[in-house]
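Protein chains in written order, with this note's numbering: chain A, 419 to 695; chain B, 811 to 920.
We treat Cβ as the ideally placed atom computed from N, Cα and C, and that holds for glycine.
In what follows, a structure is listed as C-alpha cells, so that the remarks can point back to it.
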Amino acid sequence: MNGIYSIAVTIGVSSRNVWPATPINLVQSFLTPVAAGAQAQHSGWRWSYWALAIASSAIFLLFLCFFEESKYLPVLNASATTGQAGSASNAGVDAHVPEIEYYIANPTKALEDAPNHVAQLSQSGMEQGSPPMQKRIKRLRLISPSNENLWATFLKPLKVLVLFPAITYTAVLYGFCLVWIAVTSSVQAVLLPYAPWDFNPTQVGLMGLGPFLGTTLGAVYGGLLGDQSIVYFSRRNKGYYEPEMRLYLQPIPVLSMTAGLLMFGITISKVCHTACR
Amino acid sequence: MIPDLQVGYAQLNNALAINYAGTATGCIFFIPFAIKYGRRPVYLVSTCLMAGVAFWSAKMQSVPELYITSLLCGLGGSTNEAIVQMTVSSESPAPYSVGIQRDWSPDGKS
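Encoded structure:
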C-alpha cells in the first residue's frame, strides 16, 4: 500500500517543485492506513488489495502514456580547431590567462570578485541557450542507454558507503528514523487489537492520524523553513552555501523525536505491564 | 486478522518485515539500471510489478503466498524514493551550482 501511492508522488514532483508533493507523500504514508482499515472492516480484507490493484494499474497506464524520460543524453558536436590565433575557441581561453594568473596571485581578490563572475557565467550560459526539447515520441522512448560499466555502477554505492564515514553515518541515521516508524506501527498492530484496548481495524487505522499530523508539521519545518533558513545563512556568508548550514535546524527534531518515542514506549509498556495478555 | 488464511499477528508482522526487507534491498538492484538505461524502463517495471503483485495479493490463499507477495511488493515499491530524487535532479538545474560545478562528462547529469 505504501509503495504504490508513493509512486503517485512522482506525478506531482515532475513539475520541478518538490514542496507540493510532500503532502501527497504524507497522505500516502499515514492516511492510507486510515482508509484501508475502514475498508477492511466494511467489505473484507481482500477488497483493500483490489483497491490497491486498481490504483496501481491506473498508475501504470499513466506512466506508460505520459511519463517522459528525463535522462540527458547530449550529442557532442566536435569540430576541429583551426589552430589560428584569431579562432573563436582559442581566443576565449587565451584572453582569460592573465586574469587567471592575477587571481592565483591574489586569492582574497578572487573571493571578493566571485559573485560578479557568477553573474557573468550564468548570463553567458543563458545566451548560449539550452538544448531544444525533444519531440514527444522521443521523450517517451523506452530505453536510453549510455556507455557506463554496469558492474562498476553496482559496486559504486557499496564503495561510497564504506569509504566515506560521513555517508555511512547519515545512512545509518536515516535508517534508524525509518526503523522507528516501522517499529511503532508494528507494535500498534500487535498490541492494540487485544485487551485492554480491543481496537477494531478502523480504530487501528486511525492511529495513523498522529504521525500524519506530526510529519505535516515536520515537512513545513524542514522543507519550507529549512530552505528559507539556508538562504538566510548563505546571505550572511557572502552568498556561499555550505551544507552544514542545514544543521542549525536539527536540535528541535532530535529532541521531539526522542521525546515522542519515549512517551509512546513508556505509556504502552505501563498499560501492558498491568493489563495485557 | 485474516481468519480464512489462518494467520496470526505474528505471521502478519513477519510479512510486513519481509516487505520492508524487499524495500530496503530493491534499490541496490534497480538503480544501476536506471543510471544505464534511463528512468523510464525502471519506472515501468516497478509499477508493472506493483500492479501484478496487487492482483495476486487479492487472490492469495496461503501463508507462503503472503510472504512472497509481500517481498515482491516491497521490491516494486523500493525504487520510489531514490528515483524521484534522480528525476527531480536531472530535470532541474542544480540549485547552487556556480559554474565551476557544471558537469561536462559525456553522460550528463545522473
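Check                                                                                                                                                                      : Outcome
Compute the distance between the beta-carbons of I838/B and P575/A, then report whether it is under 9 Å.                                                                   : yes
Excluding the 5 residues preceding and the 5 following G504/A in the sequence, name in chain order all residues of the same chain whose CB lies nearer than 6 Å to its CB. : Residue confidence is low: G504/A scores 41 on pLDDT, short of 50, so the model does not pin down where it sits. Its coordinate-derived value is still stated next. Counting only Cβ-Cβ distances below 6 Å, and skipping sequence neighbours, we find nothing.
Mapping the DSSP letters down to three states, classify C858/B as helix, strand or coil.                                                                                   : helix
What does the alpha-carbon distance come out to for the pair W465/A and Q459/A?                                                                                            : 10 Å
For P614/A, which residues from the same chain have a beta carbon less than 6 Å from its beta carbon, with the 5 sequence-adjacent residues on both sides left out?        : A693
In the DSSP assignment, the alpha helix (DSSP H) including I599/A goes from what residue to what residue?                                                                  : 583 to 609
Quick check on I828/B: does DSSP put it in helix, strand or coil?                                                                                                          : helix
In chain order, what residues of the same chain have a beta carbon less than 7 Å from the beta carbon of G836/B, not counting five sequence neighbours either side?        : G884, L885, S888, T889
Report yes or no: is there a C-beta of chain A within less than 9 Å of the C-beta of L854/B?                                                                               : yes
Taking buried to mean at least 16 other C-beta atoms within 10 Å of its own C-beta, is R554/A buried or exposed?                                                           : exposed
Mind checking if A467/A is an interface residue toward chain B, Cβ cutoff 9 Å exclusive?                                                                                   : Reading the sequence as shown, one finds Tyr at residue 467/A and not Ala. Closer than 9 Å: yes.
Once DSSP output is grouped into helix, strand and coil, what is the label at V817/B?                                                                                      : coil
In chain order, what residues of the same chain have a beta carbon less than 7 Å from the beta carbon of T586/A, not counting five sequence neighbours either side?        : L579
Going by other Cβ atoms of all chains shown within 10 Å of its Cβ, with 16 needed for buried, is I477/A buried or exposed?                                                 : buried
Do the region 848 to 863 of chain B and the region 560 to 572 of chain A meet, that is, are 3 or more Cβ pairs less than 8 Å apart?                                        : yes
Please compile the residues from chain B whose C-beta is within a distance smaller than 9 Å of the C-beta of V601/A.                                                       : Within 9 Å Cβ-Cβ: nothing; V601/A doesn't reach chain B, min ~10 Å.
Name, please, each residue of chain B whose Cβ falls closer than 7 Å to the Cβ of V608/A.                                                                                  : Y819, N823
If we call anything under 9 Å between Cβ atoms a contact, is V608/A one with N824/B?                                                                                       : no
How close, in whole Å, do the beta carbons of Y877/B and F481/A come, if the pair is a contact with beta carbons under 8 Å?                                                : Between F481/A and Y877/B the Cβ distance is about 27 Å, and since that is not below 8 Å, they are no contact.
Kindly indicate which three-state DSSP category M896/B falls into: helix, strand or coil?                                                                                  : helix
Is the distance from the Cβ of R664/A to the Cβ of G632/A below 9 Å?                                                                                                       : no
Would you report the Cα separation of V672/A and I684/A, rounded to the nearest angstrom?                                                                                  : 18 Å
So L815/B and S880/B are in contact, right, with Cβ under 8 Å, and what is the actual spacing, rounded?                                                                    : Contact flag wrong, Cβ pair sits at about 13 Å.
List the residues of chain B that E487/A touches, going by C-beta distances under 8 Å, in chain order.                                                                     : G848, R849, R850
Report the neighbours of R464/A on chain D: residues whose CB is nearer than 7 Å to its CB, in chain order.                                                                : In the displayed structure, chain D is absent; the protein chains listed are A and B.
Looking at chain A, is there any beta carbon in it that lies within less than 9 Å of the beta carbon of P874/B?                                                            : no
Using the C-alpha atoms, what's the distance from A637/A back to T500/A?                                                                                                   : For T500/A, the predicted model reports a pLDDT of 45, less than 50, meaning its position is unreliable and no value from the coordinates is stated.
My output table needs one value for L876/B: the three-state DSSP class, helix, strand or coil.                                                                             : helix
Could you give the distance in angstroms between the alpha-carbon of L680/A and the alpha-carbon of T588/A?                                                                : 22 Å
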